[in-house]
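Trainee:
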Amino acid sequence: MNFPTTRRDTESAGSAQRKRSIRTRRLFHELLEDRRVLAAGLLDTSFGNAGIVTTALPGAPPSGTGIALDVQADGKIVGVGFAYEGGTAFDTVVARYNLDGTLDASFAGTGIVRTAVPASRGGWASDMLIDDQGRILVAGGGEAMVVQRYLTDGSLDLTFSGDGIGIYGGGSGLYTNDAARGLRGLAIQTDGKIVSVGRWFGSNFGDFAVVRLNADGSLDSSFGTNGYISTDFPGVSDDGAMAVAIDDQGRLVVAGQTRSSFDQTGVVRYLQDGTLDTTFGTNGFAVFPIGNDNRWAEDVVIDSHGRIVVGGPTGLARLNDFGQIDSSFGNNGILLNSGGNFALQPDEKIVVGGSIGDSTIVRRFLGDGTVDPSFQPTPANFTNRADRIHDIALQGSKVVTIGIDINFGFSAAPQNIFGLARYLGDNSDPTLVSSDTISVTENVIDVQTVTATDPDAGQTVSYALTGAGADSSLFSILPTGQLSFLVAPDYETPLDANGDNVYEVEVLADDGNGGTDTQLIQVTVLNQASISGSVFVDTNANGLYEANEAGIDGVIVRLLDSTGNAVLDENNLPLEYTTDDGGFFLFEDLDPGEYQLAEIQPTGVTDGAEILGSLGGSIVANDVMQLNLVREDASDYYFAEFGNQVASGDAASIGFWQNKHGQALIESGGIPLAGWLTSNFGNVFGNTFSDGLGGDNGAEVARFYFEELFKQKSKHSAGPAKVDAQFMATALATYFTSSNLAGTGATAYGFNATDTGLGTRVVNVGLSGAAFGVADHTDLTVLQLLQATNFMTDQPEAITGAAKIYDLDGNGDISEEEANLRTRANLVYSLINEWGGI
Numbered sequence: 001m002n003f004p005t006t007r008r009d010t011e012s013a014g015s016a017q018r019k020r021s022i023r024t025r026r027l028f029h030e031l032l033e034d035r036r037v038l039a040a041g042l043l044d045t046s047f048g049n050a051g052i053v054t055t056a057l058p059g060a061p062p063s064g065t066g067i068a069l070d071v072q073a074d075g076k077i078v079g080v081g082f083a084y085e086g087g088t089a090f091d092t093v094v095a096r097y098n099l100d101g102t103l104d105a106s107f108a109g110t111g112i113v114r115t116a117v118p119a120s121r122g123g124w125a126s127d128m129l130i131d132d133q134g135r136i137l138v139a140g141g142g143e144a145m146v147v148q149r150y151l152t153d154g155s156l157d158l159t160f161s162g163d164g165i166g167i168y169g170g171g172s173g174l175y176t177n178d179a180a181r182g183l184r185g186l187a188i189q190t191d192g193k194i195v196s197v198g199r200w201f202g203s204n205f206g207d208f209a210v211v212r213l214n215a216d217g218s219l220d221s222s223f224g225t226n227g228y229i230s231t232d233f234p235g236v237s238d239d240g241a242m243a244v245a246i247d248d249q250g251r252l253v254v255a256g257q258t259r260s261s262f263d264q265t266g267v268v269r270y271l272q273d274g275t276l277d278t279t280f281g282t283n284g285f286a287v288f289p290i291g292n293d294n295r296w297a298e299d300v301v302i303d304s305h306g307r308i309v310v311g312g313p314t315g316l317a318r319l320n321d322f323g324q325i326d327s328s329f330g331n332n333g334i335l336l337n338s339g340g341n342f343a344l345q346p347d348e349k350i351v352v353g354g355s356i357g358d359s360t361i362v363r364r365f366l367g368d369g370t371v372d373p374s375f376q377p378t379p380a381n382f383t384n385r386a387d388r389i390h391d392i393a394l395q396g397s398k399v400v401t402i403g404i405d406i407n408f409g410f411s412a413a414p415q416n417i418f419g420l421a422r423y424l425g426d427n428s429d430p431t432l433v434s435s436d437t438i439s440v441t442e443n444v445i446d447v448q449t450v451t452a453t454d455p456d457a458g459q460t461v462s463y464a465l466t467g468a469g470a471d472s473s474l475f476s477i478l479p480t481g482q483l484s485f486l487v488a489p490d491y492e493t494p495l496d497a498n499g500d501n502v503y504e505v506e507v508l509a510d511d512g513n514g515g516t517d518t519q520l521i522q523v524t525v526l527n528q529a530s531i532s533g534s535v536f537v538d539t540n541a542n543g544l545y546e547a548n549e550a551g552i553d554g555v556i557v558r559l560l561d562s563t564g565n566a567v568l569d570e571n572n573l574p575l576e577y578t579t580d581d582g583g584f585f586l587f588e589d590l591d592p593g594e595y596q597l598a599e600i601q602p603t604g605v606t607d608g609a610e611i612l613g614s615l616g617g618s619i620v621a622n623d624v625m626q627l628n629l630v631r632e633d634a635s636d637y638y639f640a641e642f643g644n645q646v647a648s649g650d651a652a653s654i655g656f657w658q659n660k661h662g663q664a665l666i667e668s669g670g671i672p673l674a675g676w677l678t679s680n681f682g683n684v685f686g687n688t689f690s691d692g693l694g695g696d697n698g699a700e701v702a703r704f705y706f707e708e709l710f711k712q713k714s715k716h717s718a719g720p721a722k723v724d725a726q727f728m729a730t731a732l733a734t735y736f737t738s739s740n741l742a743g744t745g746a747t748a749y750g751f752n753a754t755d756t757g758l759g760t761r762v763v764n765v766g767l768s769g770a771a772f773g774v775a776d777h778t779d780l781t782v783l784q785l786l787q788a789t790n791f792m793t794d795q796p797e798a799i800t801g802a803a804k805i806y807d808l809d810g811n812g813d814i815s816e817e818e819a820n821l822r823t824r825a826n827l828v829y830s831l832i833n834e835w836g837g838i
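Position 576, counted from 1, in the sequence shown is what this note's numbering calls 576; the numbers after and before it change by one each time, with no gaps.
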């Protein structure tokens, strides 16, 4: 259950951040060390009832016991055993448990499977393993050799021996059902073949029996004699194999019992084809006692050095690779009174199951066979009778045992047939397995859910920030691991310490029992790119957007995908932008991909060229450009338009605006007209239409034009007497001929109403260039003319109302120079109002 992770040093040499990191980490570890750490060997109270689980079969009250167990990759525990039905009837029982010891209802619906095997004592289970596909193999049988295979859902695997149950021993000679006395040990080769060992019983009493099966349950004819091997120990009368292990060379090490006048442990080793390895022990056999009573071996494990550890009821022994007693272990290779079933930890400490009085107990020994003083043996009792551990397994660093007292009587209620206990091991640190390099797009708060593996079953890992990362203060994390920015990052305004959009945050995983891990995570913020550009009047028709050319507001530009379909926003509406601020459009926060820009051709101008911008692309149709957007902003995509000449219906004489029709039209402009004049020509009109007096609406604008401009006499205005009125008349026509601004109400008075109106009409300034800040004979749009006049008018600081146009110094008086500019401007505005006059 341990997974590797890449761990990085969070400190940069010589930096102040390194010192802060060290201090912060030290504080964290001081706080963690203050907590109570649970001792290895104690019952794990997070499992079952104070560390113990007992399971009874529903229905009729059989008796039986749990015999073997294994742990799945996800930490769930699978236990097998048998239920005694009377006579020679035994059923195999398989149960699966969750990490907390409850039965797993996803396994056969109840967590328990019970299988009747059609052979005498055929359901007597002796050993089990879980293969690399999660399938459960069970070996056993009393008077037949039986192997069963179950799928992960608890059903028999019908691809194995046809019905999930293989019964072996049939044939001629020694290999018959009558000679078979069941299988006791089980192993799986790296190629998926299955090896099981047990006992033949013939005229020469018992012999070691070895069977090898193909993955489908058929006998492997390449092994021994049609898949079978029988081995008789020389000089002894009765033998029986009880356990098997496979070394890294694929050799089979088989341990069990030999008997002459007393029981001893017998170990043999076979080559991959089943022939006896005569380099092992004495001519292939190793025979020795473990203690004075019940001296046989029930379990065998090969350690990382190739040494062979065997265990039985009276103790353990260790052999070297040649089958000789390893005198560096225990007392001359033997460790007495240590129990029988055992498991080897990755650090080669040995966990051994035994008993004390009526209770089971687990002890732990160091690799040399001495007692591990850090392990505190704790008795466990399942039945208040003489219980026994039948198998032991590691669940991460924790130790799980299975067993119970065997009682072949019956009672009025179901009896417990499985007894499991779980003990704490050495607490292992969790391991953070989340990626330490994450990329997120800007404007997104969530980063990732941090995860860690913990080999200690039943522990809950929680998460926190250590504060050691340079940018940890910009993050938060929930105890369940959800890492987030406190404020969504902005690519254009990075807040990380280095200002490069790479944020560093260190997270801590804590298992609550003193085990921790830290990981420095780098979060790279990616740009959500934008596409921008403009719609403009190409006054000189050269296909370039030049500084003196005017943008067109109010034009719709749509964003499409590569196939021409609308890109939708978060409200499932098509994304489009109406140009503003001088013809500008902008689409922001876009994912990488192919996009199209489509202009809705405005009326009032003639269609011009499409101009590709910073990322290039292609022109796929009239008014449609396509580009490939990556993480880089795309800019300068332009739609050019040609401005038309001023024509009749585009403007009106200054007299029109003072008569009842013109005054009525001005009044219809309402508040929007007053606001438009103020925002576009603030130097000229000041706060006249925004001071809260007079209505700040079309009616006030109409009165102002009539009273302040049209009626003014020459003595009140140096230069042409009516230039201010000409300017305002042109501005009013610009507003009312633009349907985007004023709708089409002006058509009732004879005006042309188009999307862009008079403002995009192109006029040559002739010899009046100085009045508009350009060279003589320059082409400008009408709106540019108006804006240039506003720019060259200085609003007097002491005057809050309107100013005379071209009052350059804002003193309220018109000098000779200013009067000259007014005269030049009047020539242009008069012509516009004359040409366009209705």
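Don't be surprised by glycine CBs; every beta carbon is placed ideally from N, CA and C.
Three Cβ pairs or more, each shorter than 8 Å: is that satisfied between the segment 262-279 and the segment 238-253?
Mentor: yes
Trainee: Should residue 357 and residue 363 be called a contact, given that it needs their Cβ atoms to be closer than 8 Å?
Mentor: no
Trainee: Reducing DSSP to helix, strand and coil, say where residue 123 ends up.
Mentor: coil
Trainee: Return the chain-ordered list of same chain residues with a C-beta closer than 7 Å to the C-beta of residue 178, the five sequence neighbours on each side being excluded.
Mentor: With a pLDDT of 49 at residue 178, under the threshold of 50, the predicted position of this residue should be treated as unreliable, though the coordinate-derived value follows. Counting only Cβ-Cβ distances below 7 Å, and skipping sequence neighbours, we find nothing.
Trainee: Return the CA-CA distance between residue 745 and residue 780, expressed in angstroms with no decimal places.
Mentor: Roughly 27 Å separates the two Cα atoms.
Trainee: Would you tell me roughly how many angstroms separate the C-alpha atoms of residue 308 and residue 360, rounded to the nearest one?
Mentor: 25 Å
Trainee: Kindly give me the distance between the Cβ atoms of residue 260 and residue 235, rounded to whole angstroms, as I take these residues to be in contact under 8 Å.
Mentor: 7 Å
Trainee: Flag this pair as touching only if the segment 651-664 and the segment 560-569 have three or more C-beta atom pairs under 8 Å; answer yes or no.
Mentor: Counting C-beta pairs with one atom in each stretch, the segment 651-664 and the segment 560-569 have fewer than three that are closer than 8 Å, which means they do not touch.
Trainee: Excluding five sequence neighbours on each side, which residues of the same chain lie with their C-beta closer than 8 Å to the C-beta of residue 479?
Mentor: 462, 463, 464
Trainee: If you measure between the beta carbons of residue 517 and residue 432, is that distance less than 8 Å?
Mentor: yes
Trainee: Using the Cα positions of residue 58 and residue 419, report the straight-line distance between them to the nearest angstrom.
Mentor: Between the alpha carbons of residue 58 and residue 419 lies a gap of roughly 15 Å.
Trainee: Under the three-state reduction of DSSP, which class applies to residue 833: helix, strand or coil?
Mentor: DSSP places residue 833 within a helical segment (H, G or I) once states are collapsed to three.
Trainee: Helix, strand or coil for residue 503, going by three-state DSSP, please let me know.
Mentor: strand
Trainee: Suppose only complete runs of 3+ residues qualify. What are the beta strand (DSSP E) ranges in the segment 446-534, listed by chain order?
Mentor: 446-449, 462-465, 475-477, 482-485, 502-510, 516-526
Trainee: Hey, how far is the Cα of residue 826 from the Cα of residue 727?
Mentor: 8 Å
Trainee: Using a Cβ-Cβ cutoff of less than 7 Å, which residues in the same chain neighbour residue 840 once the five nearest sequence positions on both sides are dropped?
Mentor: With the chain covering only 1 through 838, there is no way to say anything about residue 840.
Trainee: Decide if residue 230 is buried, meaning its Cβ has at least 16 other Cβ atoms within 10 Å, or exposed.
Mentor: buried
Trainee: Look at the Cβ atom of residue 833, then the Cβ atom of residue 730, and state whether they are nearer than 8 Å.
Mentor: yes
Trainee: If we call anything under 8 Å between Cβ atoms a contact, is residue 545 one with residue 532?
Mentor: For residue 545 and residue 532, no; Cβs fall outside 8 Å.
Trainee: Which one of 514, 653, 303 has the shortest CA to CA distance from residue 320?
Mentor: 303
Trainee: Go to residue 724, then tell me how far its alpha helix (DSSP H) extends in each direction, as first and last residue.
Mentor: 723-736
Trainee: By the three-class DSSP mapping on this structure, what secondary structure does residue 666 have?
Mentor: helix
Trainee: Starting from residue 789 and walking both ways along the alpha helix (DSSP H), at which residues does that stretch end?
Mentor: Secondary structure note for residue 789: its alpha helix (DSSP H) is the uninterrupted segment 782-791.
Trainee: Please classify residue 752: does DSSP put it in a helix, a strand, or coil?
Mentor: coil
Trainee: May I ask you to report which of helix, strand or coil DSSP gives residue 660?
Mentor: Per DSSP, reduced to three states, the secondary structure at residue 660 is helical.
Trainee: Sort 542, 571, 536 by Cα distance to residue 555 and report the nearest one.
Mentor: 536
Trainee: Flag this pair as yes or no: are the beta carbons of residue 164 and residue 158 separated by less than 8 Å?
Mentor: yes
Trainee: Would the beta-carbon of residue 376 fall within 8 Å of that of residue 43?
Mentor: If you check the CB distance, residue 376 and residue 43 do not come in under 8 Å.
Trainee: What residue range does the alpha helix (DSSP H) around residue 685 cover?
Mentor: 682-685
Trainee: Output the boundary residues of the beta strand (DSSP E) element that contains residue 741.
Mentor: From DSSP, residue 741 is part of no beta strand (DSSP E) but of the alpha helix (DSSP H) over 739-742.
Trainee: Would you mind working out which of 255, 330, 708 sits nearest residue 184, comparing C-alpha positions?
Mentor: 255
Trainee: So the alpha helix (DSSP H) residue 342 belongs to, where does it begin and stop?
Mentor: Unbroken run through residue 342 is the beta strand (DSSP E), 342-344; no alpha helix (DSSP H).
Trainee: Grab the span of the alpha helix (DSSP H) containing residue 704 for me, first residue to last.
Mentor: 698-704
Trainee: If you compare alpha carbons, which of 154, 489, 512 is closest to residue 454?
Mentor: 512
Trainee: When DSSP builds the beta bridges, which residues end up paired with residue 80?
Mentor: 68, 94
Trainee: To the nearest angstrom, how far is it from the Cα of residue 155 to the Cα of residue 149?
Mentor: 9 Å
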